[in-house]
Every structure is written in structure tokens, then in C-alpha cells.
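For the sequence shown, the residue numbers in the numbering used here are 14 to 408. Just so you know, even glycine gets a beta-carbon here, dropped at the ideal spot from N, CA and C. Worksheet: the structure to be examined is printed underneath.
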Amino acid sequence: MPELAHRVRSISPSETLAIAAKAKALKKQGIDVISLAAGEPDWDMPYEAREAAITAVREGNTKYTAASGLPELKELVAEKLTNENKIETTAQNVIITTGAKYALYEAIQALVNPDDEVILIAPYWVSYTEMIKMAGGVPKIIQTSEDDGFKVDLDTLESAITARVKGIVLNYPSNPSGVSYSEEELRRIGEMAVKKDIFIISDEIYEYFSYERPHVSIASLSKKIAEQTITVNGFSKSYAIPGWRVGYATGPADIISTMNNIQSHSTSNPNTIAQIAMMTAIKESKKYVDKMIAEFRERRDFIVDALNALHGFRCQKPEGAFYVFPNVQYYLGNEVGGEVPTDAVAFSNILMDKAHVSVVPGNSFGMQGYIRMSYCESIPRLKEAIARIDAILEK
Ligand SMILES: Cc1ncc(COP(=O)(O)O)c(C=O)c1O
Numbered sequence: 014m015p016e017l018a019h020r021v022r023s024i025s026p027s028e029t030l031a032i033a034a035k036a037k038a039l040k041k042q043g044i045d046v047i048s049l050a051a052g053e054p055d056w057d058m059p060y061e062a063r064e065a066a067i068t069a070v071r072e073g074n075t076k077y078t079a080a081s082g083l084p085e086l087k088e089l090v091a092e093k094l095t096n097e098n099k100i101e102t103t104a105q106n107v108i109i110t111t112g113a114k115y116a117l118y119e120a121i122q123a124l125v126n127p128d129d130e131v132i133l134i135a136p137y138w139v140s141y142t143e144m145i146k147m148a149g150g151v152p153k154i155i156q157t158s159e160d161d162g163f164k165v166d167l168d169t170l171e172s173a174i175t176a177r178v179k180g181i182v183l184n185y186p187s188n189p190s191g192v193s194y195s196e197e198e199l200r201r202i203g204e205m206a207v208k209k210d211i212f213i214i215s216d217e218i219y220e221y222f223s224y225e226r227p228h229v230s231i232a233s234l235s236k237k238i239a240e241q242t243i244t245v246n247g248f249s250k251s252y253a254i255p256g257w258r259v260g261y262a263t264g265p266a267d268i269i270s271t272m273n274n275i276q277s278h279s280t281s282n283p284n285t286i287a288q289i290a291m292m293t294a295i296k297e298s299k300k301y302v303d304k305m306i307a308e309f310r311e312r313r314d315f316i317v318d319a320l321n322a323l324h325g326f327r328c329q330k331p332e333g334a335f336y337v338f339p340n341v342q343y344y345l346g347n348e349v350g351g352e353v354p355t356d357a358v359a360f361s362n363i364l365m366d367k368a369h370v371s372v373v374p375g376n377s378f379g380m381q382g383y384i385r386m387s388y389c390e391s392i393p394r395l396k397e398a399i400a401r402i403d404a405i406l407e408k
């Protein structure tokens, strides 16, 4: 058996996919599992975008596009970034990628040398650590606490930026905590990056799911900050089209062109039909997005109150995204569903096996004693999930 490359030996499989597989297996046995593990909106994509894709198929659109994406889509994305996000950019500095995930992967490949440290704020999205490791880099994790609303302390952040640190991955609103940052906080982070000459990868994929205040893009705050920042976004969450795999990034010209080189030798262009559909999605999205966000805000308010009413649960109200991150430490070492979990992984397995509700343990996001639940299900289904969990808890 040929030996695996050293570079990939420490890459962990995705815990979320393992949970999804278990939920699927139970569903196959006819069990009604309520999935609060998934990170995809249960929302119809813009109708007009679906029609645009059908027309593109009928017209026999089978060709490659430019590796960096359809020029017309790049124009529309550049316009959106300029008008909505106040990021000064042009189509030349935009790359269309196979999901936001691949934009993140390419940006990290373009910037991280072996042994470079990259700062992540815990709890963080699962794939950042593995992407950094795949580039030979070292994730430098800064823990936050529930008492601070899972927000990073900016003095702690500043002192963590040592000479070995090459950059920071920011994600706001955050998956899993929903935390976001104010303009002043972002300005301070941006100024730190400029002063210490580190890159910022700003993953803003949940930008529209901002319930308390308008989303601010860090790259909009000054020209100098923009010169250090790669802004990543996509169509999976805000436009509810995760499976069609279209994301994008903008940033300094040499970084975007390096990402383009990586793309041209790996995936080439993202799916042509999907790119054509996204041109319509971007034009028609407003009316869909507003309705979706109103519904998600209602769900957030419902689930936070319902979880806080459960014995032993404690849940902060997130500012954004579509997840809650409740504290379940009370149950670690206490009986639940006839078993005694010792960590959030065991607790999540009990919820799956006994309540038929799937959730993701906080361990996957670098934090023990918490679980992540998405609210990509209707309020009646969320009510049912809460009732099922309540039924197996200690009274
Ligand atoms: C924070 C964050 N970034 C990026 C992604 C990846 O998005 P995409 O599906 O567009 O690749 C996700 C998906 O769950 C996410 O939660």
C-alpha cells in the first residue's frame, strides 16, 4: 500500500457528514428524524433562477467558461460588492468558485506557507482548521466564552498576533455561534491586520442573516484594510442554493490572480449552468431574501426561548446566521434518556438515538460542552423537536 502524503495524514473527516449519514440510516429504517444538524436553508431558491437554468440547459449550454467564472456573472458580483458591501472592486478582481468553500481553500493555499500560523476564533466553522493544515499551516485557536457572547476579546487577539502569524480567518455572522461584530470592532481588527501586516480572510456567507444590525464588510472600512483582505461569499445560504456550488471572492489583484491559477489547474470553472442561474439569482433575490430572513428571525426567537425553557439548557440569542449554540454542560455526567453522557458527542448521539433529533456536538467547532442546532426547519417541526428532547430530559 503506498504511504499517504504527510500533509494529509492529520486531516479529520467531517463530523457533520458522519452525523448526516447516521440520520439518513435511521430515516431509511422509517424513523422520522428531525434534522437540526444541516446547514442549508429549507427555502425555495428564486424561481426565476431555476427557470434561467432550465433555459440554459435547453439552449445546449455545454461549454467551459473562463476558469475564473463567467465574465457577466463576475460583473454582477462586482456590482453587488460595490453597491451593497461598499467594497471597491471590479470584475477583474472577482473570482467565481465551486462554492464559498473552494474560495476559502484557494485563498489559504495562496497565502499560507508551511508552519505559518493562522488565527481562528473558537467556536469556528469545521473546515478552516483542516484547510490550514492542508496548506502546511498551523491553526492558532483563540477561545472565546459564552459569558462574552462568544466574541473575541480584541486585546487578546492583538497580543496573539506574533511574528509567526500570517493571517486570520474571520467569520461573521458566525457558524456556529451566530456572533457578529460592530463596525468599530471590525475597524480595530482591520487596523491590527494592517499594523502587523497579516491577511484577513473574511467569510461573510451569512451576511443576509443579520437580525440585529446591517452587516458591515471589513474590507469596506478603509483602502488599507481592503489591501489585506480577501472577502468570501456565495449563493449557498443567502440565496438558498447550496447544492449548485457557486461561491465567489474578491481581494487584492495578485491574490485573486493566484487563486485563479490554482483554480485553472484544479476545478477549472464552476458549473456553467449554475453560473448562468446565479446571474438571475443575484438580480431577483431581494424579494426572496427579505421573506426568508423574516421567517428565520421568527424561528430564532422561538428556538432560543424554547431551549431556555428546557431544564438544564442555556442558550444565548445569536445575532445572525441560522444556528443556536446552547450550553448542555448540565447533562455531562447526568442522566439523559437512560444514559449518562460524558461529552457533547455522547449527548448528541443520545438526542439522535432517543429523541430522533440530529444536532452537531460543539467539539467539531473547537468548543466542549455545547451543541449546534440549525433552525432550517419550520416552527411546527422545531416545536416537535423541542418536545421530543424535553421528553427524554430529567424532570
Ligand atoms: C461559515 C461557512 N463558510 C463557508 C461555507 C461553505 O459554503 P459553500 O456551501 O458555498 O461552499 C459554510 C457552509 O456551511 C459555512 O458555514
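Item                                                                                                                : Value
Three-state class that DSSP yields for Asp318 in the structure shown                                                : helix
Closest by C-alpha distance to Leu30, when choosing among Gln105, Val165 and Ser140                                 : Ser140
Nonlocal neighbours in the same chain, by C-beta distance under 8 Å from Val125, ignoring five residues either side : Val131, Ile145, Ala148, Gly149, Gly150, Lys179 and Gly180
Straight-line gap, His369 to Ala34 (C-alpha atoms, nearest Å)                                                       : 14 Å
4-residue-minimum alpha helix (DSSP H) runs that sit fully inside the stretch 56-122, ordered along the chain       : 60-71 and 84-96
Sheet register partners of Thr263 (DSSP bridge)                                                                     : Val107 and Thr244
Own chain residues within Cβ distance below 7 Å of Tyr343, not counting five before or after                        : Gly325
Beta-carbon proximity check, Gly333 vs Tyr224, cutoff 8 Å                                                           : yes
Ile218 beta carbon near ligand 1 (any heavy atom closer than 7 Å)                                                   : yes
Whether Asp216 touches Ala123 by CB criterion (8 Å)                                                                 : no
C-beta atoms of Gln381 and Ala400 nearer than 8 Å                                                                   : no
Opening and closing residue of the alpha helix (DSSP H) in which Gly162 lies                                        : Counting along the chain, Gly162 falls outside any alpha helix (DSSP H), and DSSP gives it neither H nor E.
Pro255 CB to nearest heavy atom of ligand 1 below 7 Å                                                               : yes
Simplified DSSP assignment, three categories, for Ser215                                                            : strand
Contact under 8 Å by Cβ, Asn184 with Tyr261                                                                         : no
Beta-carbon proximity of Thr103 to Arg258, cut-off 8 Å                                                              : no
Anticipated Cβ contact below 8 Å, Ile316 with Val349, distance rounded                                              : The pair is not a contact, with the Cβ atoms about 19 Å apart (cut-off 8 Å).
beta-carbon Leu117 near ligand 1 non-hydrogen atom, thresh 7 Å                                                      : yes
Runs of alpha helix (DSSP H) lying entirely within the stretch 141-205, each at least 4 residues, in chain order    : 167-173
beta-carbon Ser251 near ligand 1 non-hydrogen atom, thresh 7 Å                                                      : no
Tyr383 - DSSP class collapsed to helix/strand/coil                                                                  : strand
Closer than 7 Å: Asn188 CB and nearest ligand 1 heavy atom                                                          : yes
Proximity test, Gly375 beta-carbon vs ligand 1 heavy atom, cut-off 7 Å                                              : no
Opposing strand residues paired with Leu133 [DSSP bridges]                                                          : Ile154 and Val182
Assigned exposure category for Lys1 - 16 Cβ within 10 Å defines buried                                              : This structure leaves residue 1 out entirely; the chain is present only between 14 and 408.
Beta-carbon proximity list for His228, same chain, < 6 Å, skipping 5 on both sides                                  : Glu220
CB of Ala135 within 8 Å of CB of Thr157, strictly                                                                   : yes
Reduced DSSP secondary structure (H/G/I, E/B, other) of Ile44                                                       : coil
Any non-hydrogen atom of ligand 1 within 7 Å of Lys114 CB                                                           : yes
Same chain, Cβ closer than 6 Å to Ala290, five either side skipped, listed in chain order                           : Ala62, Ala65 and Ala66
Option nearest Pro265 by Cα separation, candidates Lys304, Ile214 and Leu345                                        : Ile214
Glu397 (DSSP reduced to helix, strand or coil)                                                                      : helix
Secondary structure of Pro255, DSSP reduced to three states                                                         : helix
Tyr115 to Pro354 span [Cα, whole Å]                                                                                 : 36 Å
Neighbour-count burial assignment, Tyr383, 16 or more Cβ in a 10 Å radius                                           : buried
Enclosing alpha helix (DSSP H) for Asn362 [first to last residue]                                                   : Ala357 to Ile363
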